[in-house]
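Here's the structure we're looking at; comments come further down.
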Amino acid sequence: MYRIGRDACKTQIITLFFCFFASFVLLADENKPGGFLDLEPRIEVFQGDWDKADRPDSSAKGWTPLSETSFRADDRREFVWLRAEISKTELTTKPWLLLHPYIQKVTAFVDGKATTAEPVHFWSNPDDRPLPHHFIAIPLNTVDLNPSAQNHTIHIRVEPLFHINTFFYLLNDLELVKELTFHTALAFALLAMIAIMAIYNLLLYFSVRDSVYLIYVAASLSALAYACLLTNIAVYFVDASGLNPKQGFLAGLVTFIIHVLLFQRLLDTGNKYPRIHKLASVIAATGFIWLILSPLLTYDVLVLGWMVLGYPVYFGALFIAFQLAKSGYHPARYFIVGWVPYLVAVILTGVEYASLIEPTNWVSYFVPVALAWEMALFSLALASRIKILRDERDTLQAQQIEVSEKAREALERSNRIKDDFLNAVSHELRTPLHTIQGQLDLLREAPLNREQNDAFRLIEYANLRMTRQVGGILDFVDAQEENLLSSPQVFEPQSLFDLLEYEFREAARAKPVSLAFGMEDSVPGKVFMDGLMLEKVLYQLIDNAVKFTPAGGEVLVRGSRLTDDSVLRILVSDTGPGIPDAQREKVFQAFSQGEAGLTRRYGGVGLGLPLASSLANALGGQMRVLETSDHGTTLEVTVPYGDVHQSEHHDPDQLSLGDVIQVPRVLVVEDDAGNRMILRKQLEKIGVISEGVQNGLEAVRAAMNEPWDMIIMDCQMPVMDGIEATREIRLKAAANLDTPIIAVTANASESYRLQCLEAGMDDYCTKPLRMEKLQRLVTHYAEHRVVTRVREQRGLKDSLIDS
Numbered sequence: 149m150y151r152i153g154r155d156a157c158k159t160q161i162i163t164l165f166f167c168f169f170a171s172f173v174l175l176a177d178e179n180k181p182g183g184f185l186d187l188e189p190r191i192e193v194f195q196g197d198w199d200k201a202d203r204p205d206s207s208a209k210g211w212t213p214l215s216e217t218s219f220r221a222d223d224r225r226e227f228v229w230l231r232a233e234i235s236k237t238e239l240t241t242k243p244w245l246l247l248h249p250y251i252q253k254v255t256a257f258v259d260g261k262a263t264t265a266e267p268v269h270f271w272s273n274p275d276d277r278p279l280p281h282h283f284i285a286i287p288l289n290t291v292d293l294n295p296s297a298q299n300h301t302i303h304i305r306v307e308p309l310f311h312i313n314t315f316f317y318l319l320n321d322l323e324l325v326k327e328l329t330f331h332t333a334l335a336f337a338l339l340a341m342i343a344i345m346a347i348y349n350l351l352l353y354f355s356v357r358d359s360v361y362l363i364y365v366a367a368s369l370s371a372l373a374y375a376c377l378l379t380n381i382a383v384y385f386v387d388a389s390g391l392n393p394k395q396g397f398l399a400g401l402v403t404f405i406i407h408v409l410l411f412q413r414l415l416d417t418g419n420k421y422p423r424i425h426k427l428a429s430v431i432a433a434t435g436f437i438w439l440i441l442s443p444l445l446t447y448d449v450l451v452l453g454w455m456v457l458g459y460p461v462y463f464g465a466l467f468i469a470f471q472l473a474k475s476g477y478h479p480a481r482y483f484i485v486g487w488v489p490y491l492v493a494v495i496l497t498g499v500e501y502a503s504l505i506e507p508t509n510w511v512s513y514f515v516p517v518a519l520a521w522e523m524a525l526f527s528l529a530l531a532s533r534i535k536i537l538r539d540e541r542d543t544l545q546a547q548q549i550e551v552s553e554k555a556r557e558a559l560e561r562s563n564r565i566k567d568d569f570l571n572a573v574s575h576e577l578r579t580p581l582h583t584i585q586g587q588l589d590l591l592r593e594a595p596l597n598r599e600q601n602d603a604f605r606l607i608e609y610a611n612l613r614m615t616r617q618v619g620g621i622l623d624f625v626d627a628q629e630e631n632l633l634s635s636p637q638v639f640e641p642q643s644l645f646d647l648l649e650y651e652f653r654e655a656a657r658a659k660p661v662s663l664a665f666g667m668e669d670s671v672p673g674k675v676f677m678d679g680l681m682l683e684k685v686l687y688q689l690i691d692n693a694v695k696f697t698p699a700g701g702e703v704l705v706r707g708s709r710l711t712d713d714s715v716l717r718i719l720v721s722d723t724g725p726g727i728p729d730a731q732r733e734k735v736f737q738a739f740s741q742g743e744a745g746l747t748r749r750y751g752g753v754g755l756g757l758p759l760a761s762s763l764a765n766a767l768g769g770q771m772r773v774l775e776t777s778d779h780g781t782t783l784e785v786t787v788p789y790g791d792v793h794q795s796e797h798h799d800p801d802q803l804s805l806g807d808v809i810q811v812p813r814v815l816v817v818e819d820d821a822g823n824r825m826i827l828r829k830q831l832e833k834i835g836v837i838s839e840g841v842q843n844g845l846e847a848v849r850a851a852m853n854e855p856w857d858m859i860i861m862d863c864q865m866p867v868m869d870g871i872e873a874t875r876e877i878r879l880k881a882a883a884n885l886d887t888p889i890i891a892v893t894a895n896a897s898e899s900y901r902l903q904c905l906e907a908g909m910d911d912y913c914t915k916p917l918r919m920e921k922l923q924r925l926v927t928h929y930a931e932h933r934v935v936t937r938v939r940e941q942r943g944l945k946d947s948l949i950d951s
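Right under this line is the structure:
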């Protein structure tokens, strides 16, 4: 943008140079024979008591030579009369009278005959003027003259509205065309420069969307209108016959108001000079009020008010710009270079109007030239300011990126530390819990007396609760990172209810609380969904219900199917204190409970309902408070499921498996000797042959040496971990390429589960592994593997007999 603005400025300078050069060429012969004839030395002005539209008599007293080029008529004098004697030759060769553009209404008389039907003035309608130009050009050869007369008298009637310098030229046709062609081209060139800058910055606004561009465009348009009026270019496009000098100064007042707003943005007064910024805003508002009141003000009052408002701002802005430029603010330098010529032009115009300098036909261009130059330099100042703002923005963005990068690295480091910590905590907690659970499973069928049996049940309940709490915390972490993914499989809803009833039986009896489960017949016997995740949801809800229900109350869990929908609906109702309306949303927030003091009264860390809600969402369902009151609360869980089409076909090999001599063989890979021993004892009680190894490398060797019906693989082990061992077995152990490999690990994160499955494992279980779960794994994987092998052996035997 800076480069484009600079190129536009260069174009404008070249154009101005060309115009002035053309002026020199066209007007070089001004004082030579055939050039302009200056009438000023021979003009007389009537100073007598005469203020009529009719010319004074030639013999009347009061005609005196014009001593100065300014009409100093007072406001009471409506007409100013001038006269000059010219020869017949002069009138014939130079038939055009050219006057100062701001001389106002003029009528020329040759030997007492008016040369135009109406007075000619600056804003005359082009159709009523000899030539449409901002100078006043009056023909002198439009009247019939006495052919025998050698001299003629020209009377000029002026109707001035204000004091102004003037000049009087006589020109021939060629000189007039040269004069008007050059001035018209110059005026259009200046206005084109302003228009181009306005269009360019309007396009920039649509690109950058900074309001300062709109202010610049508005300032350019107002300057364009003002310059059009000063050079009278408006008469080429619109009928301006009804205009008067007051409209020109109104356009100038609008330009001033918008310039104040532009000054504030270019010089950044809002940040650098707050008090001056407010004062400038007040001045702009006053100028706007002055503009509204302009129809009621006289011409002199209007101009005076503009000067009172404008000049302090004009010179004040220049003073501020010098201060900013001195401090190294680049836009202020462009502002000074663009603004000083405008101030000089305004001052020179005023001085020329006041007759303090000789009149010139260039006065109409002082302000338009300065405006064109100013808008070009303001565009550069704007470009420089935008560049500064962009540099500041880029620096700020770079700093923000650096801060964000550091924050991201810190967050990643924190997440890694958190993950490592959670994995370590999970492993360190689940490993001993697995040992405890395994020993409890082995002791369950041991002969115990009543006291030992009660102690056994208390230990088993505490172990179960601890396992649930550890798993819940890790599930909650995954939920916050949106890493919860369901793993649907076929399971029986009624079996889930039976399991939960067994787990909460001791807690309900200890309180005591009535705990009842009910499943409607509409619920299918088997469904396809993530039963483990649904189990975690219901565990949290039932645990909350039992915890908040007072002794003697009741908790009811009911399962049903939504009508005409494959959606499981479970209601968990209790007779606790209920949830106040103001706390309904709070109970779903982590580490929060409905009222202060509940943690001390009921225990817990406040993760129950938030975790249950996250798990329900991961299942594609939802959870909500269905109803609550002082007499209890009912929570509703709805989750979709897939239908399971059960077949009546029975596999004869499966039924006769008991007759098969082959027993499932399971390889246990576990680095902890205690856990490895417990797993092998549990498998022995199930009726499975097992062997154990203590790391992944030994597991790969064992898999390469002989086939197995199932491999239970720990993941975090020395020498070689379980994930790498699984990859090696899938690649190198020909006898176990499709052997089921089950991950049994203390790492319960969802991301780790996905790593295990991607490595080639068939299932994923977290420690502690209960006896019931191990039994299901053996049935589903190991025994199925045996049946498959028996089928293959029988098929091979039958083919040999046939051959």
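Mapped onto the numbering used here, the consecutive letters of the sequence shown carry residue numbers 149 to 951.
The C-beta atom is built at its ideal place from N, Cα and C for all residues, glycine as well.
The C-beta distance from S777 to G726 rounds to 5 Å, short enough to meet the 8 Å contact threshold. Here D722 is bridged, per DSSP, to V703 and T781.
Between the beta-carbon of V817 and that of S838 there is about 11 Å, and that puts the pair past the 8 Å contact cut. Residue range N299 to E307 is occupied by the beta strand (DSSP E) that includes N299.
For D712, the three-state secondary structure derived from DSSP is coil. Going by beta carbons, I860 and V892 fall inside the 8 Å limit.
Cβ atoms of V685 and F652 stay farther apart than 8 Å, at about 14 Å. Here DSSP, grouped into helix, strand and coil, assigns W229 to strand. When DSSP assignments are scanned along the segment 335-378, no uninterrupted stretch of beta strand (DSSP E) that is 3 or more residues long falls wholly within it. DSSP lists D186 and L246 as the beta-bridge partner residues of Y317. Distance from the CA atom of Q252 to the CA atom of M345, rounded to whole angstroms, is 32 Å. Secondary structure at R772: strand, using DSSP grouped into helix, strand and coil.
F483 sits in a helix when the DSSP states are folded into three classes.
For C904, the enclosing alpha helix (DSSP H) covers residues E898 to A907.
When rounded, the separation of the alpha-carbon atoms in Q600 and S662 is 26 Å.
Rounded to whole angstroms, V703 and A656 show a C-alpha spacing of 9 Å.
Between the beta-carbon of A256 and that of R190 there is about 15 Å, and that puts the pair past the 8 Å contact cut. Per DSSP, D669 lies in no alpha helix (DSSP H) segment and is marked neither H nor E. Contact annotation: the segment 289-301 does not touch the segment 319-327, with fewer than three C-beta pairs closer than 8 Å.
A buried status is given to F411, since no fewer than 16 other beta-carbon atoms sit within 10 Å of its beta-carbon.
Counting C-beta atoms within 10 angstroms of its own C-beta, E553 has fewer than 16 neighbours from the protein chains shown and is therefore classed as exposed. Contact check for I342 against A371 passes: the beta carbons are separated by less than 8 Å. Distance from the Cα of Y317 is smallest, within the candidate group E784, P636 and L247, for L247. In this model, D819 and H928 are separated by some 25 Å (Cα to Cα). Under the criterion of beta carbons closer than 8 Å, S512 and T379 qualify as touching, at roughly 6 Å. Fully enclosed alpha helix (DSSP H) runs of no fewer than 4 residues occupy 679-696 of the segment 661-698, in order along the chain.
Nearest in C-alpha terms to R717, of all of G707, A881, F463 and G724, is G707. Comparing alpha-carbon positions, the option among D886, L917, R875 and G908 lying closest to N895 turns out to be L917. In this structure, P580 is the residue among S442, K426, W229 and P580 with its C-alpha nearest to the C-alpha of R824. A straight-line Cα-Cα distance of about 51 Å links R564 and L350. In terms of Cβ geometry, I286 and T301 do not form a close pair [threshold 8 Å]. Three or more pairs of CB atoms, one per stretch, sit closer than 8 Å, so the segment 833-847 contacts the segment 862-880. In the structure shown, I405 adopts helical secondary structure according to DSSP, grouped into three states.
For W211, the enclosing beta strand (DSSP E) stretches over residues W211 to P213. Taken through DSSP and simplified to helix, strand or coil, S532 comes out as helix.
With contacts defined as CB atoms closer than 8 Å, V365 and V306 fail to qualify as a contacting pair.
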